[in-house]
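One structure below.
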Amino acid sequence: MRGLTLSSTSNQLWLEFNSDSEGTDEGFQLVYTSFELSHCEDPGIPQFGYKISDQGHFAGSTIIYGCNPGYTLHGSSLLKCMTGERRAWDYPLPSCIGFELSHCEDPGIPQFGYKISDQGHFAGSTIIYGCNPGYTLHGSSLLKCMTGERRAWDYPLPSCIAECGGRFKGESSGRILSPGYPFPYDNNLRCMWMIEVDPGNIVSLQFLAFDTEASHDILRVWDGPPENEMLLKEISGSLIPEGIHSTLNIVTIQFDTDFYISKSGFAIQFSSSVATACRDPGVPMNGTRNGDGREPGDTVVFQCDPGYELQGEERITCIQVENRYFWQPSPPVCIGYSHVRYLEP
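Going left to right, the sequence shown walks through residues 63 to 407 as the numbering used here numbers them.
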């Protein structure tokens with residue numbers, strides 16, 4: 063064995079020497095050295111694929127490959143760096159070949175709704191839906207394309223409904239729609255919406271659309287809950303009302319319809335703001351106002367044009383009660399009257 067060279071295949075080598083009981087001899091002498099192992103070249107990564115694991119490129123190490131969704135692996139997924147005088151991988155680099163995935167049909171978009179996200183229509187992908195302001199989502203907001211022989215969504219397409227009544231608490235803004243808007247509302251309804259904003263704030267209502275059967279289908283707006291008996295406004299007909307502003311942090315909206323004619327209804331945008339003074343009391347149609355102050359204790363005076371009569375008090379004062387600011391009494395209006403001239407006989 064003189065002159066024999068042995069090479070390990072790793073960074074460890076075990077030598078074992080055994081002798082018997084019958085005799086001895088000269089023995090042996092050996093010299094060892096360490097050197098860097100030659101390695102396999104980096105095989106790379108197949109297009110549309112990736113490495114699942116990589117132990118390195120030395121003798122005995124392995125690499126495992128996978129393919130992206132929509133691609134299938136052709137060749138061996140496991141490559142091993144072989145031992146020997148020349149390092150080489152036992153298999154060539156595999157390839158990832160695209161194939162046509164069976165997919166779920168497009169479920170569409172609900173009327174008055176939209177897609178929040180859409181990952182695609184293949185197995186495992188999801189779509190998330192939302193509704194436009196004023197509409198409530200009925201059904202599941204998340205649809206997932208299921209696996210199996212036949213692709214199908216796990217839930218049906220949801221719907222977006224303008225409901226009869228609701229409660230909004232802690233929201234700084236939002237939208238209220240008549241039931242079924244923009245289609246005609248149903249007969250014999252009583253719908254109640256309550257808006258409650260943070261204490262110290264007030265609620266403002268802006269009408270985007272309004273069309274109800276005059277004198278029969280009526281919208282009432284209350285400052286606070288209805289039991290407070292502070293009615294801000296009672297509205298019906300087809301004219302878009304001016305904005306309404308509460309003095310409390312709660313507003314109740316009540317909509318009553320009769321058994322006969324239905325119209326398209328209404329769309330109301332609400333918002334909240336911090337109350338720091340009385341609202342502008344306005345100027346009555348066919349009248350004038352003297353005074354612009356709106357701080358607590360300020361007074362303004364109203365009068366009507368010739369031919370009109372003041373209905374309400376001519377003088378009102380801004381009052382503050384804790385976080386509530388309001389005019390006492392309420393601003394007046396100017397009502398026309400007729401003069402009848404009688405001729406002397």
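We put the CB at the ideal spot given by N, CA and C, even for glycine.
Discussion item. Let me check one thing: in DSSP terms, what residues is GLN373 bridge-paired to?
Written reply: VAL395
Worksheet item: In this structure, does DSSP put THR67 in helix, strand or coil?
Response: coil
Worksheet entry | Under 8 angstroms between C-beta atoms of TRP255 and ILE312 | no
Item to complete: Tell me the start and end of each unbroken beta strand (DSSP E) in the segment 132-219 that is at least 3 residues and wholly inside, in chain order.
Response: 133-136, 140-142, 157-160, 175-180, 188-193, 198-200 and 204-206
Discussion item. I need the boundaries of the beta strand (DSSP E) containing ILE315, first residue and last residue.
Written reply: 312-318
Discussion item. Measuring alpha carbon to alpha carbon, tell me which residue in LEU270, ARG213, ASN250 and GLU258 is nearest GLY228.
Written reply: GLU258
Practice prompt. Between the Cα of MET347 and those of GLU304, THR319 and SER334, spot the shortest distance and give me the residue it belongs to.
Written response: GLU304
Worksheet item: Does the Cβ of ARG252 have 16 or more other Cβ atoms within 10 Å, making it buried, or fewer, making it exposed?
Response: exposed
Worksheet item: With 16 other CB atoms within 10 Å as the buried threshold, where does ALA329 fall?
Response: buried
Discussion item. Rounding to the nearest angstrom, what Cα-Cα distance links VAL402 and GLU371 in this structure?
Written reply: Only weak support exists for where VAL402 lies, its pLDDT of 39 falling under 50; the value from the coordinates is given anyway. Their Cα atoms are separated by approximately 15 angstroms.
Worksheet item: Looking at ILE238 and PHE332, is the spacing between their C-beta atoms short of 8 angstroms?
Response: yes
Item to complete: Just tell me which of GLY369, PRO368 and ASP354 has its CA closest to the CA of VAL362.
Response: ASP354
Discussion item. Measuring only the C-alpha atoms, how far is ASP285 from LEU293?
Written reply: 6 angstroms
Worksheet item: Which stretch, first to last residue, makes up the beta strand (DSSP E) that contains ALA337?
Response: Run containing ALA337: none; DSSP gives neither H nor E here.
Worksheet item: Apart from the five residues just before and just after LYS429, which ones in its own chain have a Cβ nearer than 6 angstroms to its Cβ?
Response: The chain is shown only over 63 to 407; residue 429 falls outside these bounds and no answer can be derived.
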